[in-house]
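Under this note's numbering, think of the first position of the sequence shown as 160, with each following residue one higher.
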Amino acid sequence: MHNAAYAALGLNWRYLAFEVDPKNLRAAIEGARTMNFAGLNLTVPHKLLAVDMVDELDASAKTWGAVNTIKFENGRAIGFNTDADAIVTSLRQDLKVELRGVKVLLLGAGGAGRTAALKIGAEKVAELFLVNRTASKAEAIAGEVKKQFPSVKVFVGYPQGEIDLLLNATSLGLKPEDGSPMDEKQFSLKQARAVYDMIYKPAETKLLAAAKAAGCRTANGIGMLVQQGAKAFEIWTGQSAPVAVMRRAVEGSVYGV
Ligand code: ATR
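Listed below in structure tokens is the structure:
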């Protein structure tokens with residue numbers, strides 16, 4: 160998506176992928192700086208490690224405790240996080256969901272679930288319900304959200320009535336044999352107006368298929384992938400990202416369309 164964006168804007172830039180052993184991350188960042196790279200993206204497991212390896216943390220990286228984007232500026236490495244904003248932007252653009260004042264059920268309390276919960280809290284939803292296989296992790300995140308955003312009502316467990324958004328941040332659905340991330344005895348999809356699955360491959364998880372059948376608006380996580388990239392593009396180049404171009408490139412690569 161980045162190379163498509165550079166081509167669209169006539170920039171003589173290249174985006175390349177490198178596989179780096181976590182034990183060599185510091186050396187890799189130094190190498191990129193020395194070679195005058197404009198910046199880097201980092202993915203699992205480097206996002207947490209990089210927090211201690213940059214010269215400066217942007218507020219986004221401080222808030223989320225993770226760096227997925229580095230910009231080199233006058234020899235300094237500045238760490239950013241573009242993942243959390245991408246959730247909100249994709250929910251808005253792909254699902255027409257505005258988070259302020261609404262009711263949300265969030266499934267999953269791993270890395271993605273924690274970031275989503277805190278970002279949803281920051282957007283001042285009215286009520287946030289957290290469900291996770293390991294309940295203690297949901298409890299811990301509920302505590303963090305309550306502390307940081309006291310106006311948000313936070314519960315661990317399924318809601319009784321209707322909700323505006325169900326968001327899957329578990330990894331269940333990635334594999335064909337995976338079941339639903341949700342206990343259908345405790346919550347019916349008919350109670351949800353919109354369903355977002357952070358998984359984008361397969362394009363339609365069992366959860367999204369069932370949600371469509373139940374009449375919910377649905378979107379998968381491809382928009383989040385595109386939006387975190389678009390934000391990184393803007394950080395590096397200082398130009399508006401050609402989001403539609405980037406999205407077409409991602410869809411072409413992921414779905415072969
Ligand atoms: P990520 O960075 O993608 O969030 P993760 O931190 O490994 O990855 O978190 C995976 C999430 O999917 C967790 O919420 C996990 O539940 P646990 O906290 O109980 O491990 C959830 N998950 C993974 N496999 C699952 C399964 N078979 N059933 C239910 N939840 C599952």
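The C-beta atom is built at its ideal place from N, Cα and C for all residues, glycine as well. Everything numeric in this text was worked out from a predicted model, so none of it was measured.
- Secondary structure at residue 337: coil, using DSSP grouped into helix, strand and coil.
- Residue 173 has its alpha-carbon roughly 10 Å from the corresponding atom of residue 163.
- Annotation for residue 291 indicates a beta carbon within 6 Å of some heavy atom of ligand 1.
- DSSP, read as helix, strand or coil, puts residue 280 in helix.
- In this chain, residue 196 is not harboured by any beta strand (DSSP E), its DSSP state being neither H nor E.
- Excluding the 5 residues flanking it on each side, residue 354 has same chain C-beta neighbours closer than 6 Å at 325, 370, 375, 377, in chain order.
- Collapsing the DSSP output to three states places residue 189 in a helix.
- Here the stretch 201–218 lies against the stretch 176–188, with 3 or more beta-carbon pairs under 8 Å apart.
- Distances taken from the Cβ of residue 296 to the heavy atoms of ligand 1 include one shorter than 6 Å.
- Remark: the shortest separation between the CB of residue 329 and any heavy atom of ligand 1 falls under 6 Å.
- Look at residue 353: its beta carbon is at least 6 Å from all of the heavy atoms in ligand 1.
- Where residue 288 is concerned, the enclosing beta strand (DSSP E) starts and stops at 286–290.
- Of the residues 348, 243, 223, the one whose Cα lies closest to the Cα of residue 373 is 348.
- Counting only residues of its own chain and dropping the five nearest sequence neighbours on each side, residue 383 has a CB closer than 7 Å to the CB of 245, 246, 249, 357.
- Residue 271 has its Cβ nearer than 6 Å to a heavy atom of ligand 1.
- CA-to-CA, the gap between residue 395 and residue 223 works out to about 20 Å.
- Around the beta carbon of residue 272, 16 or more other beta carbons sit within 10 angstroms, so the residue counts as buried.
- If you keep only unbroken beta strand (DSSP E) runs of at least 3 residues inside the stretch 330–385, you get 351–356, 376–379.
- Around the beta-carbon of residue 414, fewer than 16 other beta-carbon atoms lie within 10 Å, marking it exposed.
- In this structure, DSSP gives residue 325 an extended state, which the three-state scheme calls strand.
- Measuring C-alpha to C-alpha distances from residue 308 to each of 218, 361, 284 identifies 284 as the nearest.
- Only exposed fits residue 333, as fewer than 16 other CB atoms lie within 10 angstroms of its CB.
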